[in-house]
Each structure stands twice: as C-alpha cells, then as structure tokens.
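2 protein chains.
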Amino acid sequence: MQELERIIGYKFKNKKLLEEALTHPSYSNNLSYERLEFLGDLILDTLVGIYLFKKHKDKNEDFLTNLKSSYVNKNYLKKICDELGIINFIKHKNCNIKRTDKFIESLIGALYLDGGWRVAERFIKNFVLNRELEPLKDYKSLLLKYSLKNKGVFPEYRVVCEKSSHDKKEFIVEVKIKGIRKVGKGKEDTIKQAELNAAKQLYEKLTKNL
Amino acid sequence: MQELERIIGYKFKNKKLLEEALTHPSYSNNLSYERLEFLGDLILDTLVGIYLFKKHKDKNEDFLTNLKSSYVNKNYLKKICDELGIINFIKHKNCNIKRTDKFIESLIGALYLDGGWRVAERFIKNFVLNRELEPLKDYKSLLLKYSLKNKGVFPEYRVVCEKSSHDKKEFIVEVKIKGIRKVGKGKEDTIKQAELNAAKQLYEKLTKNL
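Below, the structure written as structure tokens:
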C-alpha cells in the first residue's frame, strides 16, 4: 500500500479507508469498495464538472455535459487504472476484475474522506484532468434526432441477448428505426453502454451511408 | 430579488449570479439559467450523497442510490420550488414553465459560485434534506428482475407517442414482456421518466395481480 501511496502522491492518515477502497467483496465478508465507489463517483463528477464549467466560460450546458462524459466514462477511467497499476493492489479472491474503473471512483471516495475536497481535487487534476479530451458524442441523442427528422418515429432498442457468469455480464442490444432496413448492434457489460454502442453503429451507418 | 434572498436566508455578493440563475432563455438572448443548472445539479447530487453516506453507515450503495433519488428527483424539487415560491422570481417571456425543479438546481449553482461549499450545503440542508424520505423504488430494475426470473426475457420499452410544443414536451412509453399480456404505460416530459412510470405500472399490475 505504501507503494500505491507513493504512486498517487498522498499518504493516508486512516489506512483502513485505502484498504476498503481496494477490497473486492469476494475477498472479505465485511469489507467492500462499493460504498466508497458510490461516494467517489459523485465527487469525481462534480469536481470535473466544476473544473470544466470554470474553464469553458463561453460553452453551453450540452457541450459541458458531453465533455464531462469524456473524463468520467468507464473506458477512460479504466485506462487511468491501468496507467497507475491499481489492479495490482486490489484484494480479491480468484476474480477476473473487469470494471477496474470502479476502483478509481472508490479511491477518490477514500481520498475525500481522508483529506477533504482539496486532496480529492488534487488527485483528479493530476490523473484525470491532466490531458485534453474531446467532448464525447451522445449517439443516442443524435440517432433520436435523425430518426424523428427523417421518419417521424423513435428508434427502438431491444436487448437481444444476455450472458452472465459469476464475475462477468454481457448484453447485446439491437436498435432499429421503422422504415429503415439498417440495424445497429452493441455489446457491453451494461445495457446503457450497449445501447450507446448500438446507436453509434446505426448512426454511422446512416450518416456515412455504409 | 431581496425578497427571495430573505426567503432563502442568504445575501448574494454578486447579484448577477442570482439573476442568471432565475432567467429563462425566452427572456434574454445572453442570459440563461442553464449553465448554472448543469453546475447545481452536480453539487446537489454530491452534497446529498455525502450527507446520506455519513448518516447511513450501515447501508449499502443500492440503498444510498435509491434514497438519494428521493431527494434529487424532479417531482420533489418541484415541490420545494413551490414551497419557496421561486416561480414568482423567474424572468421569462410568456412561458408556461413546467420544469421549475431546474431553477432549484441553478439556484444551488449560483449559491456555490457566490459562497462556496458551505453556502450551498446550508441551503440543501435547510430546504432539501429537511425531512425524512423513503428510498425511491427503482421500478425498472424491479421489472427487469421479475421479467428475467419469470420469462427469461427483457422487458421491451417503446416510445409510442411524442407531443411537443414550444415550451412543453410529452412522451408516452409502453413496456411489454414477451409471453405476458399485461402492458405498462407511462406519460412524462422525459423518455427516462416515462419509462420509469411505465415500469411501475406494469410491475404493480404483475405483483398485485391487478
């Protein structure tokens, strides 16, 4: 744990918080990162939002929402988790942990409880906001607009497949627009993300005429 | 505006922030509450989340998420807006403003920018967290579980109708489960909320055997 404290540049006063943030429920009956993830998720969202709000004074709320998504989405947080090598510090029992992004959030929750807003903010500035990203396109909204404008109907999303084992879930979602033959498909570990992927695929097919 | 400051118990150093928070875009070309709503939405979510996290030390993240929803959902915030009479202070041009909840959020954004975390927190404790609420049931999750358990399929949501005029939107969503005759319908001004209402109706039909 000292090694991790060196990597993130912060020494915990209460080491138990750091331990809780990095404990998967498979490892312990009475310790889990999940409550801290609830907290850290909120704190990350807000501090990124405040930072972008102050930085982009001339941009509207849609731009800010999409740019915030770039910094708080699962895939970007997973990348940060990889860069910091946090996976090596997670305590678990024979689990193939896919959602490593959640441990960035639980770590932020622990940092906030141990050191307050400033400590959480410093971590987020150093490791999350430390590069320029483009706003994430909201493909569900784009597809909705396209569909209403061209066909006057709503896109229809349907979960066509779910696979789940003890440590992994996967959903396949299909999206269609009545009167259009093309179909979008998305595969992910949450329905929401699978819908987004499906919307992206169909939207690109329609607008790039694939 | 002095009257509103008296009601909420805070005097703004920068009165323009308060003005911005209460200006509908119909009223002005260069002033709108919407950026402050983006900010206030995040701050409200986080401060309610932190408060509940600390208050309910023995509860898990699902409980906290559902209880937080009770305090930050549209209908509850609308009620607070009514209680404080904020509608009387909103500047607009001939608009029938339905989403008054958004002005509670923009007000919180303005309070944060003017006075920092403490001022935003005081407002939220005095006017949002000042009563005990029950966790909001997540009917989409409940219906999903029911559907998978009893029929092995996913509920299917479909937007069947959209009405919109310049200051009002309305969606009707239908939800069905393959192999079950009953249908749930929901009507609201966002698709997400209409889906929730539809899920609630169908779930109650199925579990109360209506």
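Line by line, the protein sequences are chains A and B. Sequential numbering from 1 applies to the first sequence in the numbering used here. Sequential numbering from 211 applies to the second sequence in the numbering used here. Beta carbons are placed, not taken as given, at the ideal position from N, Cα and C, and that holds for glycine.
{"Asked": "Residue-chain proximity (B:E247, chain A), Cβ-Cβ < 8 Å", "Found": "yes"}
{"Asked": "Cβ-based neighbour list, A:R272, same chain, cut-off 6 Å, excluding 5 preceding and 5 following", "Found": "Since the first and last residues shown for chain A are 1 and 210, residue 272 of chain A lies out of range."}
{"Asked": "Cβ pair A:E134, A:S70 closer than 8 Å", "Found": "yes"}
{"Asked": "Closer than 9 Å at the beta carbon, the chain B residues around A:L64", "Found": "R245, F248, L249"}
{"Asked": "Within-8 Å CB hit, B:N336 to chain A", "Found": "no"}
{"Asked": "Simplified DSSP assignment, three categories, for A:G186", "Found": "strand"}
{"Asked": "Inter-residue Cα distance where the pair is A:K137 and A:V153", "Found": "21 Å"}
{"Asked": "A:H24 to A:L17 span [Cα, whole Å]", "Found": "13 Å"}
{"Asked": "Contacts around B:S238, its chain only, beta-carbon distance under 8 Å, and the 5 residues preceding and following it disregarded", "Found": "K301"}
{"Asked": "Top-ranked residue by Cα proximity to A:N126, from A:E19, A:M1, A:L47, A:L22", "Found": "A:L47"}
{"Asked": "Beta-ladder partner(s) of A:Y215, from DSSP", "Found": "A query on residue 215 of chain A cannot be resolved here, the shown segment of chain A reaching from 1 to 210 and no further."}
{"Asked": "When B:G394, B:L416, B:I314 are compared against B:V370, the one with the closest alpha-carbon", "Found": "B:G394"}
{"Asked": "Whole-Å CB distance - B:G250 paired with B:L317, under 8 Å assumed", "Found": "7 Å"}
{"Asked": "Simplified DSSP state of B:T233, which is helix, strand or coil", "Found": "strand"}
{"Asked": "In DSSP terms, what B:E247 is bridged to", "Found": "Partner(s): none; B:E247 has no beta bridge."}
{"Asked": "Whole-angstrom C-beta distance between A:F89 and A:L4, which should lie under 8 Å", "Found": "5 Å"}
{"Asked": "Assigned secondary structure, A:S28 (DSSP; H/G/I helix, E/B strand, else coil)", "Found": "coil"}
{"Asked": "CB contact check: A:R99 to chain B, cutoff 8 Å", "Found": "no"}
{"Asked": "Closest residue to A:A198 among A:I180, A:K208, A:L42, A:K176 (Cα-Cα distance)", "Found": "A:K176"}
{"Asked": "Spatial neighbours of A:F38 in its chain, beta-carbon cut-off 6 Å, leaving aside the 5 residues before and after", "Found": "none"}
{"Asked": "Endpoints, alpha helix (DSSP H) assigned at A:K205", "Found": "191-207"}
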